[in-house]
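Enquirer: Right, I'll just put the structure down here and ask away after.
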Amino acid sequence: MNKRLYGNLVIFAVLLTLLVVVLGAYTRLSDAGLGCPDWPGCYGQILAPSAEEDVKRANQAFPERPVEFAKAIKEMVHRYFAGGLILTVLILTILAWKNRQDPDSPTGLASFILALIIFQALLGMWTVTWKVKPIIVTSHLIGGLATLTLLWLILLRIGY
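Under my numbering, the first residue of the sequence shown carries the number -7, and numbering increases by one thereafter.
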């Protein structure tokens, strides 16, 4: 395994994780945690609705949660970066497994982090569908910090 390339990818994942955690906290603290009433989209769309016709359609579909674009975009930016993190960790896991004959290859740890991030996505969904219950939001934050810590542990284990 090219430790330098892998290490650089892990550093990218660490920084991306930190960004996702900060964006999640910002989203929650700016009262935008329910900026999109559904998951994984936003008012049934990939992007937060902004065009007048899209907003009207979204308001009809979700009358209890009228579109607030400023909140919706904060929520979606957090989700987009989280999606990028899932892909990054998937690549790290695939690379680790491709090089499993290398004793320094973190196959188990990378696989665990991937499973943790998938669980994080579920917590993100439950945050929305269960209307930001404190236990879910707190678990989501702890999961993000655990992801950050475990990615850092990979760096230490590969001797980067």
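Think of the CB as a built atom: it goes at the ideal place given N, C-alpha and C, for glycine as much as any other residue.
Thinking just about the alpha-carbon of each residue, which of Gln112, Glu56, Cys34 and Ala88 is nearest to the one in Arg149?
Expert: By one-based count along the sequence shown, residue 149 stands at place 157. The shortest C-alpha separation from Arg149 is found at Ala88.
Enquirer: Are the beta-carbon atoms belonging to Gly27 and Gly136 less than 8 Å from one another?
Expert: Taking the first residue of the sequence shown as position 1, residue 27 is located at position 35. Taking the first residue of the sequence shown as position 1, residue 136 is located at position 144. No.
Enquirer: Quick one: is Pro29 buried, meaning 16 or more other Cβ sit within 10 Å of its Cβ, or exposed?
Expert: In the sequence shown, counting from the first residue as 1, residue 29 sits at position 37. Label assigned to Pro29: buried.
Enquirer: Please confirm if the stretch -2 to 6 is in contact with the stretch 83 to 100, defined as three or more CB-CB distances below 8 Å between the two stretches.
Expert: A contact between stretches requires three or more CB pairs, one per stretch, nearer than 8 Å, and the stretch -2 to 6 meets this requirement with the stretch 83 to 100.
Enquirer: Give a yes or no on whether the C-beta atoms belonging to Ala24 and Leu77 are separated by under 8 Å.
Expert: Position 32 of the sequence shown, counted from the start, is the residue given in the question as residue 24. Position 85 of the sequence shown, counted from the start, is the residue given in the question as residue 77. It is not a contact, given that the beta carbons lie outside the stated cut-off.
Enquirer: Expressed to the nearest angstrom, what Euclidean distance is found between the alpha-carbon atoms of Arg71 and Ile65?
Expert: Residue 71 sits at position 79 when you count from the first residue of the sequence shown. Residue 65 sits at position 73 when you count from the first residue of the sequence shown. Computed Cα separation, rounded: 10 Å.
Enquirer: Rounded to the nearest angstrom, what separates Leu79 and Thr85 at their Cα positions?
Expert: The sequence position of residue 79 within the sequence shown is 87, counting from 1. The sequence position of residue 85 within the sequence shown is 93, counting from 1. Whole-angstrom Cα-Cα distance: 10 Å.
Enquirer: Would DSSP call Gln93 helix, strand or coil?
Expert: Indexing the sequence shown from 1 puts residue 93 at position 101. Here Gln93 carries a coil assignment [DSSP, helix/strand/coil].
Enquirer: Verify whether the separation of the beta carbon atoms of Val81 and Leu101 is less than 8 Å.
Expert: Within the sequence shown, numbered from 1, the residue matching residue 81 stands at position 89. Within the sequence shown, numbered from 1, the residue matching residue 101 stands at position 109. Their beta carbons are not under 8 Å apart, which means Val81 does not touch Leu101 by this criterion.
Enquirer: Between Gly75, Lys90 and Trp144, which has its C-alpha nearest Phe111's C-alpha?
Expert: Taking the sequence shown and counting its residues from 1, one reaches residue 111 at position 119. When each option's Cα is compared against that of Phe111, the closest is Gly75.
Enquirer: Which one or two residues does DSSP pair with Gln112 in a beta bridge?
Expert: The residue labelled residue 112 in the question sits at position 120 within the sequence shown. Note: Gln112 sits in no beta bridge, so no partner.
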